[in-house]
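Position 54 of the sequence shown, counting from 1, maps to 55 under my numbering, and the rest follow consecutively.
Every residue, glycine too, gets a C-beta built ideally from N, C-alpha and C.
Predicted model only: the values in this text are computed from it and were never measured.
Read the structure below first, then the notes.
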Amino acid sequence: MSTDPNRPAEASGSFAIGGSLPVNRLGYGAMQLTGPGVWGDPKDPAEAVRVLRRAADMGVTFIDTADSYGPFTSEKLIKEALHPYADDLVVATKAGLARTGPGEWRSVGRPEYLRQQCELSLRHLGLERIDLYQLHRIDPLVPLEEQLGELVALQREGKIKHIGLSEVSVDEIKRAREIARIATVQNLYNLADRQSEDVVDYCEAEGIGFIPWFPIATGGLARPDGALGKISAEHGSSPAQLALAWLLRRSPVILPIPGTSQVAHVEENIRAAEVTLSDEEFEALSNAA
């Protein structure tokens, strides 16, 4: 349990990204701070700023974004809300997905493009160094050695500290680790979608942070007669909070990043760090999915 009731994210425990950047495990994902289709400005930019500040006030020290969210809208809002950044705040961003319109995404892993996007992210976030820079997708048209090689070059130049991957298999992580030191992996993973189970296990065994995106998707489990619905009623916690508590219990390397564009929801999500599942509840939720 958190020693400071005003900073409940601390109750989620800590994880050191790359062995050197400690963060509170329950973070915030900033994809929803944009317009429809993850495109353009949000309907209420002032509320987006309030969400970011409230998350930080509640003890969130890990915020995940990407150049493609907007594009650049999310990064600019993070700077507006939180710059100059607290010493313990880690802002992670990603590159490798180009945007051509609402809901449209295209992998681009050419080295010159990744370098350009890194320079733009540094500017938009107001940073001299990005603590965690993630390859948003592996571009199948560009050799992996060239994509990660450019990130290693940026790392040597001091523009990024740690390198991460997104939407990869165990075999792809192993290939990548022959080229660069991989600090984190970000894959789709939640209580209802466990296709990356082997990736979670691999990351835990290797001490690699695992960042599940879409962490509170619950599907039919949240129905009143579903496992989440039943335990939620008994527990006095929302289904979303239980889904996050399950992720935190699932592995010590998991860093959930629930996202929202509303202050009330960010407060509810972060309070999930204070929810403790019994062994029986954890097993019931695991088996139900």
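Helix, strand or coil for residue i per DSSP?
{"i": "R272", "result": "helix"}
{"i": "G230", "result": "helix"}
{"i": "H236", "result": "helix"}
{"i": "D68", "result": "coil"}
{"i": "T201", "result": "Going by the sequence as given, residue 201 is Val instead of Thr. Helix at V201."}
{"i": "V186", "result": "strand"}
{"i": "G14", "result": "coil"}
{"i": "Q148", "result": "helix"}
{"i": "F73", "result": "coil"}
{"i": "L243", "result": "helix"}
{"i": "A290", "result": "coil"}
{"i": "E81", "result": "helix"}
Ignore the nearest five residues each way along the sequence and tell me which others in residue i's own chain have a CB closer than 7 Å to its CB.
{"i": "A82", "result": "V50, L53 and R54"}
{"i": "Q118", "result": "D68 and A96"}
{"i": "R195", "result": "A290"}
Of the choices the options, whose alpha-carbon is the least far from that of residue i?
{"i": "H163", "options": "G20, P225, C204 and A241", "result": "G20"}
{"i": "V39", "options": "R8, F211, P144 and P103", "result": "P103"}
{"i": "Y272", "options": "Q33, M59, Q135 and P23", "result": "Strictly speaking, residue 272 in this sequence is Arg, with Tyr absent from that position. Checked all of Q33, M59, Q135 and P23; the closest Cα to R272 is M59."}
{"i": "S167", "options": "G36, T66 and E105", "result": "T66"}
{"i": "V109", "options": "E268, V200, V143 and Q187", "result": "V143"}
{"i": "T261", "options": "S122, N288 and G28", "result": "G28"}
{"i": "V92", "options": "R224, R116, E129 and S239", "result": "E129"}
{"i": "R157", "options": "P23, A181, S170 and P72", "result": "A181"}
{"i": "N234", "options": "E105, E282, E275 and P43", "result": "The question names Asn, yet the displayed sequence has Ala at residue 234. Among E105, E282, E275 and P43, the Cα nearest to that of A234 is on E282."}
{"i": "H137", "options": "D172, R124, G159 and R100", "result": "R100"}
{"i": "E146", "options": "G159, I174, L121 and S122", "result": "I174"}
{"i": "D88", "options": "P72, P23, E113 and D45", "result": "P23"}
Near residue i, which residues of its chain fall below 8 Å by C-beta distance, leaving aside the five closest residues on each side in sequence?
{"i": "G208", "result": "G20 and V254"}
{"i": "Y70", "result": "A31, M32, L34, T35, V39 and E76"}
{"i": "G264", "result": "Note that residue 264 corresponds to Val in the displayed sequence, not to Gly. E48, R51, V52 and R55."}
{"i": "E269", "result": "S239, A241 and Q242"}
{"i": "T74", "result": "L34, T35, G36, G41, D42 and P43"}
{"i": "L249", "result": "S13, G14, R26, L27, I255, P257, A273 and A274"}
{"i": "K231", "result": "P225"}
For residue i and residue j, which I take to be in contact (beta-carbon distance under 8 Å), what is that distance rounded to the nearest angstrom?
{"i": "L133", "j": "K80", "result": "The Cβ separation is near 16 Å, so there is no contact."}
{"i": "L149", "j": "I161", "result": "Not confirmed; about 12 Å, so no contact."}
{"i": "L115", "j": "R107", "result": "About 14 Å separates the two Cβ atoms, so there is no contact after all."}
{"i": "T94", "j": "I131", "result": "6 Å"}
{"i": "F16", "j": "G210", "result": "6 Å"}
{"i": "E284", "j": "P9", "result": "That belief does not hold up - the Cβ atoms of E284 and P9 are roughly 25 Å apart, past 8 Å."}
{"i": "L121", "j": "L192", "result": "With a Cβ gap of about 35 Å, L121 and L192 do not count as contacting."}
Buried or exposed, going by whether 16 or more other CB atoms sit within 10 Å of the CB of residue i?
{"i": "P257", "result": "buried"}
{"i": "G237", "result": "exposed"}
{"i": "P37", "result": "exposed"}
{"i": "A1", "result": "What is shown of the chain runs 2 to 290, which leaves residue 1 out entirely."}
{"i": "H84", "result": "exposed"}
{"i": "G14", "result": "exposed"}
{"i": "S279", "result": "exposed"}
{"i": "R251", "result": "buried"}
{"i": "R124", "result": "exposed"}
{"i": "A246", "result": "buried"}
Leaving out five residues before and five after residue i in sequence, what residues of the same chain have Cβ atoms less than 6 Å from its Cβ?
{"i": "L229", "result": "T219, L222, A223, P240 and L243"}
{"i": "S170", "result": "none"}
{"i": "Y190", "result": "S197 and P213"}
{"i": "C204", "result": "V186, F211 and V254"}
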